[in-house]
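Peer 1:
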Amino acid sequence: MKPLSYLSTALAFVVPSWAAKLLSRDASNWPNGPFSTDGRWVVDASGQQVHFAGVNWPGAAEVMIPEGLQYRSVEQIVSQIKSVGFNAVRLTYAIEMVDQIYDNDGKDISIETAFVNGLGSENGTLALAKVLENNPSFTNETTRLQVFDSIAEELAKQEIHILLDNHISKAKWCCSGTDGNTWWGDSQFNVANWLCGLSYMATHGKQWTGLVAMSLRNELRNVENNSALLKTYNWQTWYKYVQQGAKAINNANGDVLVYLSGLGYDTWITPVFTQTALTPGTEVFDKAAFAGFSDKLVLEIHNYEKTVGSCATLKSHLYTKGFQGMNSTDAETKAVFPVQLTEWGHLMDATTWQGIYSTCLRGYVGSLKASWFMWVIAGSYYTRYGKPDNDELWGLLNHNWTNWRNPDFVKSGLTPFIRQTLDN
């Protein structure tokens, strides 16, 4: 099916008036950075609170180019993101992209090469032709980072902030305990390459007006096929490498916020804000270890407790595993941080959004005015599980990226959540 024309798309996705007001506080000075933290909040250069209601846009799979461009233009996708009031995107990338740049004498590879490498000659050539048809400013020789640049430029044009997320080292679908990317030192998680990749992307991102934050690593987790490495899976090791990664980003780009993810697929980060021992050692998390940029640190968690039995249970887990870090009145909270839910999501079928998980999460996180990023905008992937043009049943968009997969959820669930988060 041929993609909708841009005119019909623009008419279908008109930005709500409330969102236009919220997202255009001062267009001449947007985003009014650099951002920093003040207790539980992220603040702009004027000290005003900044809240993110965002969505994940994956770009870390085999092709190493953000998804969806075979169906829509960059401008159309960004306009659709903006149309419901989203003001932020968690844009993911793989360290392998930077590895290949260094292996290629400092030059990025073309998108033609990227699609053929990622999908094979036949499927890659077909996908590339569709990308070029929908994005006529690109050519075969356009590089992957030039595509990222184009996306960053359009996001800034529409006043959408970027959280640049190191999703994985070896480009592919994430995550499992046997995928080689679980923990520092895993078969595909080289520490030196990781630090180099963070530094490279932090430097490159200086040219992106809307880049306000970078994450250290997506979903750190226990390794299931390496007993020796598993012995290092603990908070003490985490603290060692988090300091190295945060400093790599800050040394390269002192403007961006630095997001720290926890353990267990980033489902909990409790020892950081309770300042209990980072076991098996006795040291505790100390902001002083991040000298000169301790006010740039943000904690992030993920939550996919789709089968939770009650709202009370879900709220308790969200609080004790993460959002307690925002509560200075809790005697057990020894260090206060902004805490953000950088992944949550569910099937985009007719009813899941009305269940306990989705309704409770939206209500609770909204009541905290905490920032969040939903998984996922993608209606399909260039490839996943070895299958080209793979459908995403959790995608906010349909397979062809032309419309919402579940308009009822978008209208009655998602949009009110965005408004609750961003409305002053």
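For the sequence shown, the residue numbers in mature numbering (1 follows the signal peptide of the UniProt record, and there is no 0) are -19 to -1, 1 to 405. Just so you know, even glycine gets a beta-carbon here, dropped at the ideal spot from N, CA and C.
Taking 8 Å as the cut-off, is the beta-carbon of Ala316 closer than that to any non-hydrogen atom of the ligand NAP?
Peer 2: Inclusion of the ligand NAP in the displayed structure is not the case, the ligand content being empty and no account of it being possible.
Peer 1: Do Arg53 and Trp382 have their CB atoms nearer than 9 Å?
Peer 2: Cβ atoms of Arg53 and Trp382: closer than 9 Å.
Peer 1: With three or more beta-carbon pairs closer than 8 Å as the criterion, would you say the region 16 to 36 touches the region 273 to 280?
Peer 2: Counting Cβ pairs under 8 Å, three or more are found: they touch.
Peer 1: Put Asn116 into one of helix, strand or coil per three-state DSSP.
Peer 2: Note: Asn116 maps to coil in three-state DSSP.
Peer 1: What's the call for Lys151, buried or exposed, on a 16-neighbour Cβ count within 10 Å?
Peer 2: Buried, since its Cβ has 16 or more Cβ neighbours within 10 Å.
Peer 1: With distances taken from CA atoms, which of Ser27, Ile46, Ser118 is nearest Asp89?
Peer 2: It is Ile46 whose Cα lies nearest to the Cα of Asp89.
Peer 1: So which of Leu349, Lys138, Leu201, Gln139 has the shortest CA-CA distance to Ser157?
Peer 2: Residue Leu201 is the option with its Cα nearest to Ser157.
Peer 1: When you compare only the Cα positions, how much space is there between Asn116 and Thr123?
Peer 2: So the two alpha carbons sit approximately 11 Å from each other.
Peer 1: Please work out which residues of its chain come closer than 6 Å, Cβ to Cβ, to Ser393, disregarding the five sequence neighbours upstream and downstream, and give them in chain order.
Peer 2: Answer for Ser393: no residue qualifies.
Peer 1: In chain order, which continuous runs of the beta strand (DSSP E) of length 3 or greater are located wholly inside the region 51 to 84?
Peer 2: Qualifying beta strand (DSSP E) stretches, in chain order: 69 to 75.
Peer 1: Kindly indicate which three-state DSSP category Val317 falls into: helix, strand or coil?
Peer 2: Three-state result, Val317: coil.
Peer 1: On the CB-based measure, 16 or more other CB atoms within 10 Å of its CB, does Ser5 come out buried or exposed?
Peer 2: Any reading at Ser5 needs caution, since the residue's pLDDT is 46, under 50, leaving its predicted position unreliable; the model's value is listed next. Exposed, since its Cβ has fewer than 16 Cβ neighbours within 10 Å.
Peer 1: Mind pulling the beta strand (DSSP E) runs of 3 or more residues that sit fully within the region 330 to 398?
Peer 2: Segments of the beta strand (DSSP E) lying fully in the region 330 to 398: 353 to 355, 361 to 365, 368 to 372.
Peer 1: Would you call the region 201 to 212 and the region 250 to 265 in contact, with 3 or more CB pairs under 8 Å?
Peer 2: Segments in contact, no.
Peer 1: I need the DSSP call for Asp130, collapsed to helix, strand or coil.
Peer 2: In the structure shown, Asp130 sits in a helix (DSSP, three-state: H, G or I).
Peer 1: Look up Ala312 in the DSSP assignment and say whether it is helix, strand or coil.
Peer 2: Looking at Ala312 - three-state DSSP - the assignment turns out to be coil, as it is neither helix nor strand.
Peer 1: Relative to the alpha-carbon of Val204, which residue among Gly161, Leu238, Asn234 has its alpha-carbon at the smallest distance?
Peer 2: Closest option to Val204, Cα to Cα, is Gly161.
Peer 1: Look at the alpha carbon of Gln224 and the alpha carbon of Ala270, and state the distance between them as a whole number of angstroms.
Peer 2: Computed Cα separation, rounded: 7 Å.
Peer 1: In this structure, does DSSP put Asn98 in helix, strand or coil?
Peer 2: Reduced to three states, the DSSP call for Asn98 is helix.
Peer 1: May I ask which residues mark the beginning and end of the alpha helix (DSSP H) holding Val253?
Peer 2: Per DSSP, Val253 belongs to the alpha helix (DSSP H) from 251 to 255.
Peer 1: Take the Cβ of Glu56 as the centre, count every other Cβ of all protein chains shown within 10 Å, and call the residue buried at 16 or more, exposed below.
Peer 2: With 16 or more Cβ atoms within 10 Å of its Cβ, Glu56 is classed as buried.
Peer 1: Taking the runs of the alpha helix (DSSP H) that are 4 residues or longer, which of them lie wholly in the region 189 to 254?
Peer 2: Counting whole runs of 4 or more residues, the region 189 to 254 contains the alpha helix (DSSP H) stretches 208 to 211, 216 to 233.
Peer 1: Only counting the same chain, and skipping five residues up and downstream in sequence, which positions put a Cβ closer than 7 Å to that of Ile62?
Peer 2: These residues qualify, in order along the chain: Val36, Val70, Ile141, Ile358.
Peer 1: State the Cα-Cα distance for the pair Met(-19) and Trp175, rounded to the nearest angstrom.
Peer 2: Residue placement at Met(-19) is poorly supported in this model, since its pLDDT is 36, which falls under 50; the coordinates are not used for a value here.
Peer 1: Using the beta-carbon count (16 or more within 10 Å), is Tyr363 buried or exposed?
Peer 2: Buried: at least 16 other Cβ atoms inside 10 Å.
Peer 1: Who are the near neighbours of Asn98 in its chain, counting only those whose CB is closer than 6 Å to its CB and skipping five residues on each side?
Peer 2: Taken in chain order, the list of residues that qualify is empty.
Peer 1: Is it true that the CB of Ala227 sits closer than 9 Å to the CB of residue 406?
Peer 2: Outside the shown range of the chain, which is -19 to 405, sits residue 406, and nothing can be said about it.
Peer 1: On a Cα-Cα basis, can you pick out the residue from His283, Ala95, Thr248, Ala41 that is closest to Gly326?
Peer 2: Nearest option by C-alpha distance: His283.
Peer 1: Kindly indicate which three-state DSSP category Gln139 falls into: helix, strand or coil?
Peer 2: Coil, per DSSP.
Peer 1: Check Glu281 in the structure and name its three-state DSSP category.
Peer 2: Residue state, collapsed to three classes: strand.
Peer 1: Can you check which of these residues, Lys368, Asp372, Ser361, Gly367, is closest to Glu48 by C-alpha distance?
Peer 2: Closest by alpha carbon: Ser361.
Peer 1: Can you tell me which of the three DSSP states Leu4 falls into?
Peer 2: A caution first: Leu4 carries a pLDDT of 45, below 50, which makes its placement in the model unreliable, though a value can still be read off. Coil at Leu4, not helix or strand.
Peer 1: Measuring CA to CA, which of Ser291, Ala95, Met195 is closest to Tyr181?
Peer 2: Among Ser291, Ala95, Met195, the Cα nearest to that of Tyr181 is on Met195.
Peer 1: Give the secondary structure of Ile46 by DSSP, where H, G and I count as helix, E and B as strand, and everything else as coil.
Peer 2: Reduced to three states, the DSSP call for Ile46 is coil.
Peer 1: Residues bridged to Asn147 by DSSP?
Peer 2: The partner list for Asn147 (beta bridge, DSSP) reads Tyr74.
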